[in-house]
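Colleague: Start counting the sequence shown at 0; every next residue gets the next number (numbering that gives the first Met the number 0).
One structure follows; several queries about it will come next.
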Amino acid sequence: MTTGDTPDNPAEFEKDLEALEALVGRMEQGELSLEASLKEFERGIALTRRCQKALTEAEQKVRRLTEDGTEIDLDTPEPAGPDGED
0 MTTGDTPDNP AEFEKDLEAL EALVGRMEQG ELSLEASLKE FERGIALTRR
50 CQKALTEAEQ KVRRLTEDGT EIDLDTPEPA GPDGED
C-alpha cells in the first residue's frame with residue numbers, strides 16, 4: 000500500500016475486510032489462548048481503523064465530487080449501456 004495507513008484501492012479494502020471477518024471467526028470459536036486472543040484483538044482494531052479510514056476517505060471523495068449540490072442516489076444502479084452491458 001502506498002500510504003501505509005489505509006487501503007488505496009477497493010481490492011485492498013476487501014482484503015482487509017475479509018481478514019477482519021476471518022479474525023472474528025477465529026476469536027468466536029473460543030479456542031485461542033489469552034495471549035493469542037489479545038494479539039488477534041489488536042490486529043482486529045488496526046484492521047477496523049484502516050477500513051473505517053478508507054470508508055471515510057471514500058465518503059469525502061463522493062462529497063467533493065457532488066459539491067455542486069446535486070444529489071445522487073447511490074442505491075439506484077446506473078443504466079446499462081446501449082448494448083445492454085456496462
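Where is the CB? At the ideal position from N, CA and C, for every residue including glycine.
Would you call the CB atoms of residue 46 and residue 67 closer than 7 Å?
Modeller: no
Colleague: Between residue 0 and residue 10, what straight-line distance do the alpha-carbon atoms span, to the nearest angstrom?
Modeller: For residue 0, the pLDDT reaches just 43, beneath the cut-off of 50, and the residue's location in the model is therefore unreliable, although a value from the coordinates is still provided. Each residue's alpha carbon lies about 11 Å from the other.
Colleague: How close, in whole Å, do the beta carbons of residue 39 and residue 25 come, if the pair is a contact with beta carbons under 8 Å?
Modeller: Yes, they are in contact, since the Cβ atoms of residue 39 and residue 25 sit about 6 Å apart, within 8 Å.
Colleague: Run through DSSP, which three-state label would residue 47 get?
Modeller: helix
Colleague: So, is residue 62 buried or exposed, given that buried needs 16 or more other C-beta atoms within 10 angstroms?
Modeller: exposed
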